[in-house]
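If you read the sequence shown in the working numbering, its first letter stands for residue -11, the second for the next number, and so on.
Notes follow once the structure below has been shown.
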Amino acid sequence: VAPADADEFMVSDGGVLKRIDYSLIKGGGDNTPNFLAYRSASDQSISNATLTKVQFNSESYDTDSAYDDSTNYRFTVPAGEGGKYALYTNVWCRGTDVSMMNYYLLAFYKNGSNVWEQHSNFMNNDLRSFGANMSLTIDLAAADYIEVFGKIDINSGSPSFGNNAASGVPTTWFQGFKIG
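Given below as structure tokens:
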């Protein structure tokens, strides 16, 4: 059984005995808040070559009810939980059955501004869908919010952020947790 946070230990500091609480030396943490949101049900249809917020509309878990999966589709840092966060996302970018993908962009937005992105140009290649993923470690303060945006450019038709691949498990998801 782990000691309680208020349990005290004796340590020698250069020959001087000191009492310290376990809470000061236990290290680690529980990495909360943390969440895993994903795209469920149907694909999210988007306009071609237009930056669009990815709507992760279901959750596997959300320890602090900090991810909004129905209105704003964002993670908001709860009061008192500022610190360093690890963020991950994967978005299944889909063209149409007859259209080739030219370009995609995936971005993390903090408080409405782009803070991290990745993109690729697939011109003249026969690519119709693929999973774009990205990660970021970032300092966040209470009330800061993070959203994921994407853009897909295809030859014709309407692209989408996909729900799942042949396996039937989520392939468009967003995850984050506090690391310090």
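Virtual Cβ for every residue (Gly too), placed ideally from N, Cα, C.
Is residue 166 closer than 8 Å to residue 19 when the C-beta atoms are compared?
Yes; because the gap between Cβ atoms is below 8 Å, this pair is in contact.
So, using beta-carbon positions, are residue 129 and residue 168 closer together than 8 Å?
For residue 129 and residue 168, no; Cβs fall outside 8 Å.
Buried or exposed (CB count within 10 angstroms, at least 16 for buried), residue 92:
Buried, since its Cβ has 16 or more Cβ neighbours within 10 Å.
Please report the straight-line C-alpha distance between residue 146 and residue 40, rounded to a whole angstrom.
Rounded to whole angstroms, the separation of the alpha carbons of residue 40 and residue 146 is 13 Å.
Give the straight-line distance between the Cα atoms of residue 37 and residue 54, rounded to the nearest whole angstrom.
Cα to Cα, residue 37 sits roughly 30 Å from residue 54.
Rounded C-alpha distance that separates residue 103 from residue 94
Their Cα atoms are separated by approximately 11 Å.
According to DSSP, simplified to helix, strand and coil, what is residue 35?
In the three-state scheme derived from DSSP, where H, G and I count as helix and E and B as strand, residue 35 is classed as coil.
Let me see if you follow: with CB-CB separation under 8 Å, is residue 0 close to chain B or not?
Although the question refers to chain B, the structure presented lacks it and comprises just one protein chain.
First through last residue of the beta strand (DSSP E) which encompasses residue 141:
133 to 142 is the extent of the beta strand (DSSP E) around residue 141.
Could you tell me which residues DSSP puts in a beta bridge with residue 4?
DSSP, once it has assigned bridges, lists 1 as partnering residue 4.
Exposure of residue 83, with buried meaning 16 or more beta-carbon neighbours within 10 Å:
Buried: at least 16 other Cβ atoms inside 10 Å.
Which one of 164, 157, 151 and -10 has the shortest CA to CA distance from residue 42?
For residue 42, the closest alpha carbon among the candidates 164, 157, 151 and -10 is that of 151.
In the DSSP assignment, what residue or residues form a beta bridge with residue 62?
Residue 62 pairs with 56.
Counting Cβ pairs, one atom from each stretch, are 3 or more of them under 8 Å apart for the segment 157 to 165 and the segment 62 to 79?
With the cut-off at 8 Å, the segment 157 to 165 and the segment 62 to 79 touch.
I'd like the span of the beta strand (DSSP E) that includes residue 115, first residue to last.
Here residue 115 belongs to no beta strand (DSSP E), and DSSP marks it neither H nor E.
Pick from 114, 96 and 99: whose alpha carbon is nearest that of residue 87?
Scanning 114, 96 and 99 for the CA closest to the CA of residue 87 turns up 114.
Would you kindly report the start and end of the unbroken beta strand (DSSP E) that includes residue 69?
It is not in any beta strand (DSSP E) - residue 69 carries neither H nor E in the DSSP assignment.
If you draw a straight line from the alpha carbon of residue 90 to that of residue 81, how long is it in whole angstroms?
Distance between the alpha carbons of residue 90 and residue 81: 11 Å.
Over the uninterrupted beta strand (DSSP E) stretch that includes residue -10, give me the two end residues.
No beta strand (DSSP E) contains residue -10, which DSSP labels as neither H nor E.
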